[in-house]
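Written below as structure tokens is the structure these notes are about.
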Amino acid sequence: NAGVTQTPKFRVLKTGQSMTLLCAQDMNHEYMYWYRQDPGMGLRLIHYSVGEGTTAKGEVPDGYNVSRLKKQNFLLGLESAAPSQTSVYFCASCDRASGNTIYFGEGSWLTVV
Amino acid sequence: AQTVTQSQPEMSVQEAETVTLSCTYDTSESDYYLFWYKQPPSRQMILVIRQEAYKQQNATENRFSVNFQKAAKSFSLKISDSQLGDAAMYFCAYRRGGGGATNKLIFGTGTLLAVQP
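Each protein sequence line maps, in turn, to chains E and X.
Residue numbers for the first sequence follow the numbering used here, so the first one is 101 and each next one is one higher.
Residue numbers for the second sequence follow the numbering used here, so the first one is 1270 and each next one is one higher.
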């Protein structure tokens, strides 16, 4: 009963390094999302995907790239990490069959020093 | 663009008492969904309750209920018989109905609820 799984859970990066966050869902959902959560700002949408092979920009896409090569996976990449990208990242997924309820992963804590 | 506003950054309630968290939203759509999510210190996002805009009846889930005022674009959460485990950050969220590229969940900035024993 995995649901939405994010890896890694914690990571510390140096400024300028690159990394990829992996989101995997086992519910055959069409839609997947990446959010970042910062104090006092709620969750802000970075990028999202409405199906395999398609991605779109959210509210705060700069500095991030995404890919959806397989339906169950949604990757979030940081090509050159900056301290402003220190945040908690959440992946989420949903489908019409889930009644428009969105299911979240447990979050990934990223610190850029 | 749709927006969600939570005007109460922090709230406090005594155990066993009732508390109401406020949320307002702005949209020109007629088909949409509203949600309340709970985020405890573990940071896990837990769905508390959802409301379909086309339903006039307010949603209820055990001790949690909403007051959905569509014309006023207001969606408040009432927690009855508050328990220590209710202490968490609560987020109000909006999602446009139907499918397609604009089907995304928009969050308010959250209300931190403390429960006093």
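C-beta atoms are modelled at their ideal positions from N, C-alpha and C, and glycine is treated no differently.
Note that the structure is a prediction, hence the values are computed from the model and not measured.
- Under a criterion of Cβ atoms nearer than 9 Å, no residue of chain X is adjacent to residue 166(E); the nearest Cβ is some 14 Å distant.
- In the assembly as shown, residue 126(E) is an exposed residue. Its beta-carbon has fewer than 16 other beta-carbons within 10 Å.
- A Cβ-Cβ separation of about 7 Å places residue 1346(X) in contact with residue 1289(X) under the 8 Å criterion.
- In the DSSP annotation of this structure, the continuous segment of the beta strand (DSSP E) that includes residue 147(E) starts and ends at 143 to 151.
- By the Cβ-count criterion, residue 1332(X) is exposed, with fewer than 16 other Cβ atoms from all chains shown falling within 10 Å of its own Cβ.
- Secondary structure of residue 126(E) (DSSP, three-state): coil.
- Within chain E, no residue has its beta carbon less than 9 Å from that of residue 1280(X); the closest one is some 15 Å off.
- Put simply, the CB of residue 202(E) is near chain X, with a gap under 7 Å to one of its CB atoms.
- Residues of the same chain with a CB within less than 8 Å of the CB of residue 145(E), apart from the 5 flanking positions on each side, are 133, 134, 135, 158, 159 and 160 in chain order.
- Here the C-alpha atom of residue 191(E) lies approximately 6 Å from the C-alpha atom of residue 204(E).
- Annotation for residue 165(E): the continuous beta strand (DSSP E) segment containing it runs 165 to 167.
- The bridge partners DSSP lists for residue 1327(X) come to none.
- Using a CB distance below 9 Å, the part of the stretch 181 to 197 of chain E facing chain X consists of 188, 190, 192, 194 and 196, ordered along the chain.
- Inter-residue distance for residue 131(E) and residue 1375(X) is about 15 Å (C-alpha atoms, whole angstroms).
- Proximity to residue 170(E) across 182(E), 195(E) and 129(E) peaks at 129(E), based on C-alpha coordinates.
- Contact of residue 210(E) with chain X is not assigned, every C-beta pair being separated by 7 Å or more.
- Look at residue 1378(X): its C-beta is under 7 Å from a C-beta on chain E.
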